[in-house]
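**Student:** Got a structure here, written out as structure tokens. Questions coming.
Protein chains: 2
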Amino acid sequence: MRVLLIEDDYVLGGAIRDHIAASGHGVDWMKRIDEAKLALANVAYELVLLDLNLPDGRGLDLLRELRAALNRVPVIITTAQDQIAVRIEGLNSGADDYLVKPFDLSEMSARVSAVARRYAGNPSPAISIGPVSIDLGRKIVIVGDKPATLTGREWAVLERLVRHRGAIVTKGEIEDSLYAFGAEIESNAVEVYISRLRKKLGRDFVSTARGLGYQVEA
Amino acid sequence: MRVLLIEDDYVLGGAIRDHIAASGHGVDWMKRIDEAKLALANVAYELVLLDLNLPDGRGLDLLRELRAALNRVPVIITTAQDQIAVRIEGLNSGADDYLVKPFDLSEMSARVSAVARRYAGNPSPAISIGPVSIDLGRKIVIVGDKPATLTGREWAVLERLVRHRGAIVTKGEIEDSLYAFGAEIESNAVEVYISRLRKKLGRDFVSTARGLGYQVEA
DNA sequence: CGTAACCTGACACCAGGCTGAAGAGATTTC
DNA sequence: GAAATCTCTTCAGCCTGGTGTCAGGTTACG
């Protein structure tokens, strides 16, 4: 899927871009409205992530222009917590969903996937890895033929690993999807969650790459 | 079954048409109201899917004209999230069901089939989950062998859970079906309604996935 | 064999979930 | 139009199980 990210904060923007890219989507990141307009005129995006805090305050205009031109590309807007009026106006102007800053990157991923799925009409596919079957959209895991129940954190780790399946995922990356942006942790929490996942999904589900990270087979 | 689809977005329209055709129904797709009127005057459709976002805003008129002419063909309307007033007016004008954009195409298929069944005089099938039997079409719930009476909000929560049965549904998603999209809520209302549902339908009807959401068995 | 990296059982703590109660509206009944 | 009933929303206090941490054991690698 091709995503257009319109966000002027380059730290947050980078994090969002990486997270979406990690989900296997292509991302173009524009920091200014005029750049974004140009891109939208020339590329067929399948999703737009639009920050309504842009300093020139013309994000809403962009959205309205899009809809006026009968462009129905799904748009998710992001606003600050207090900008309720802006958010409502955004929804009235044709946005499909919204996120309130600060948001968990995993929450953002979920919304992006949900909107994309709705628009494409594809049911979320189950991913099979050995005897484990995973439905990311429905948050369901089946081991052998029995469903496994995961906790929130366990799910976050699993999701990260599965989205990158085949690749080696570092502890730092897993930590990032566990503790959204900011809160640091001083313990071996990642190891603990890997251990818990192995207990629930089978010892061989995750393999350890010493000094590098973890990996699930492709 | 012969379906008339009235939708001006040609991407979405194509997707809907393909999906309905895949269910074995015949579809005629009109992008303008006047075309649709002509078609309705000349073809006996068994279902109409009507987009109320049409730029000329005359979808409602079409519906009213149909009903004024005593044409009882089942009509499902589609509206944007924020168009609550339009949706209500549509239902008051004689629509049989509605879908809020963006919607799951599979959900749309389900509604189309449901309407088709009702129209054909077949009873809508009850969904059985443990000792609970649910008829989404008629809004009837039976526990054991006694009917249960649910309030509006309770029903909204139940419907969301049952339509996605098997999947874990987040609180945010439930909230979206309880309140006008984008409305904020500052309480544990979702928890309260889950609690009420459990009291009426049995404690085990809904299971909690801590930190993730709720789930009814498939 | 020594060391660093990793694994995992145990445990205290507290965030998240549950539910009874109660007030404010809304709706119905008389 | 007042009373009675039903529904919605919020809140507070209780309770549970998820979470982070650590310690001691295990494994890989030079």
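Note that the protein sequences, when read in sequence, are chains A and B. Here the numbering used here is used: the first residue of the first sequence is 1083, the next is one more, and so on. Here the numbering used here is used: the first residue of the second sequence is 1083, the next is one more, and so on. Positions of the beta carbon are idealized from the N, C-alpha and C atoms, including for glycine.
(1) Measure the Cβ-Cβ separation of B:GLU1241 and B:LEU1218 and say whether it is below 9 Å.
(2) Say whether chain A places a C-beta atom closer than 9 Å to the C-beta of B:THR1252.
(3) With a threshold of 8 Å on Cβ separation, who are the neighbours of B:LEU1152 within its own chain once the five nearest residues in sequence on each side are excluded?
(4) Kindly indicate which three-state DSSP category A:ASP1227 falls into: helix, strand or coil?
(5) Against chain B, does A:LYS1221 count as a neighbour if the rule is that its beta carbon must be under 9 Å from one of theirs?
(6) Run down chain B in chain order and give the residues with a C-beta less than 7 Å from the C-beta of A:ASP1178.
(7) List the residues of chain A whose Cβ lies closer than 8 Å to the Cβ of B:ALA1249, in chain order.
(8) With DSSP collapsed to three states, give me the class of A:LEU1218.
(9) Suppose you measure from the CA of A:ILE1115 to the CA of B:GLY1226; what does that come to, to the nearest Å?
(10) According to a CB-to-CB cut-off of less than 7 Å, which residues of the segment 1092 to 1117 of chain B neighbour chain A?
(11) Would you check if the segment 1252 to 1261 of chain B and the segment 1229 to 1236 of chain A touch, i.e. whether three or more CB-CB distances between them fall below 8 Å?
(12) Can you grab the Cα-Cα spacing for the pair B:VAL1109 / A:ALA1208, in whole Å?
(13) Would B:ARG1292 count as contacting chain A if we go by Cβ distances under 9 Å?
(14) In the DSSP assignment, the alpha helix (DSSP H) including B:SER1059 goes from what residue to what residue?
(15) Cβ atoms of A:LEU1129 and A:VAL1182: under 9 Å apart, would you say?
(16) Whole beta strand (DSSP E) runs in the segment 1084 to 1141 of chain B with 3 or more residues, listed along the chain?
(17) Let me check one thing: in DSSP terms, what residues is A:GLY1295 bridge-paired to?
(18) What is the DSSP secondary structure of A:ALA1208, reduced to helix, strand or coil?
(19) Could you tell me which chain B residues have their CB closer than 7 Å to the CB of A:GLY1234, listed as they occur along the chain?
(20) According to DSSP, is A:ILE1158 helix, strand or coil?
(21) Expressed to the nearest angstrom, what Euclidean distance is found between the alpha-carbon atoms of A:ILE1098 and B:VAL1272?
(22) Which residues of chain B have a Cβ atom closer than 9 Å to the Cβ of A:VAL1197, listed in chain order?
(23) Which residues mark the beginning and the end of the alpha helix (DSSP H) in which B:TYR1275 is found?
(24) Can you tell me whether B:GLU1255 is buried or exposed? The criterion is at least 16 other CB atoms within 10 Å of its CB, across all chains shown.
**Tutor:** This is what the structure holds:
(1) As a first step, residue 1241 of chain B is located in the second sequence; it is residue number 159 there, counting from the start. As a first step, residue 1218 of chain B is located in the second sequence; it is residue number 136 there, counting from the start. Taking 9 Å as the Cβ cut-off, B:GLU1241 and B:LEU1218 qualify as a contacting pair.
(2) In the second sequence, the residue the question calls residue 1252 of chain B occupies position 170. It does: the Cβ of B:THR1252 has a partner Cβ on chain A nearer than 9 Å.
(3) Taking the first residue of the second sequence as 1, we reach residue 1152 of chain B at position 70. If we look at B:LEU1152 and ignore the five residues flanking it on each side, it has no Cβ neighbours.
(4) To locate residue 1227 of chain A, count along the first sequence from 1; it is residue 145. Coil.
(5) Translated into positions along the first sequence, residue 1221 of chain A becomes position 139. Closer than 9 Å: yes.
(6) For this step, residue 1178 of chain A is matched to residue 96 along the first sequence. By Cβ distance, chain B contributes PRO1184.
(7) Here residue 1249 of chain B refers to the residue found at position 167 of the second sequence. By Cβ distance, chain A contributes ASP1217, GLY1219, ARG1220, LYS1221 and ILE1222.
(8) One-based indexing of the first sequence puts residue 1218 of chain A at position 136. Here A:LEU1218 sits in coil by DSSP.
(9) For the purposes of this step, residue 1115 of chain A is taken as residue 33 along the first sequence, with counting starting at 1. For the purposes of this step, residue 1226 of chain B is taken as residue 144 along the second sequence, with counting starting at 1. So the two alpha carbons sit approximately 59 Å from each other.
(10) VAL1093, LEU1094, ALA1097 and HIS1101
(11) no
(12) In the second sequence, the residue the question calls residue 1109 of chain B occupies position 27. In the first sequence, the residue the question calls residue 1208 of chain A occupies position 126. C-alpha separation (whole angstroms): 30 Å.
(13) To locate residue 1292 of chain B, count along the second sequence from 1; it is residue 210. Answer yes: the Cβ-Cβ gap between B:ARG1292 and chain A drops below 9 Å somewhere.
(14) One cannot answer for residue 1059 of chain B here, as it falls past the ends of chain B, which runs 1083 to 1300.
(15) Sequence index remark: in the first sequence, residue 1182 of chain A carries index 100 (1-based). Sequence index remark: in the first sequence, residue 1129 of chain A carries index 47 (1-based). Going by C-beta atoms, A:VAL1182 is not nearer than 9 Å to A:LEU1129.
(16) 1084 to 1088, 1108 to 1112 and 1129 to 1133
(17) Numbered from 1 along the first sequence, position 213 holds the residue referred to as residue 1295 of chain A. Its beta-bridge partners are A:ALA1291.
(18) Position 126 of the first sequence, counted from the first residue, corresponds to residue 1208 of chain A. Three-state DSSP puts A:ALA1208 in a strand.
(19) Sequence index remark: in the first sequence, residue 1234 of chain A carries index 152 (1-based). Here the neighbours are ARG1292, GLY1293 and LEU1294.
(20) Numbered from 1 along the first sequence, position 76 holds the residue referred to as residue 1158 of chain A. Shown here, A:ILE1158 sits in a strand according to DSSP, grouped into three states.
(21) Counting from 1 along the first sequence, the entry for residue 1098 of chain A is found at position 16. Counting from 1 along the second sequence, the entry for residue 1272 of chain B is found at position 190. Approximately 29 Å, taken between the alpha carbons.
(22) For the purposes of this step, residue 1197 of chain A is taken as the residue at position 115 of the first sequence. Under the 9 Å cutoff, chain B gives PRO1184.
(23) Residue 1275 of chain B sits at position 193 when you count from the first residue of the second sequence. Its alpha helix (DSSP H) spans residues 1271 to 1283.
(24) What you label residue 1255 of chain B is simply residue 173 of the second sequence in a count that begins at 1. Result: buried.
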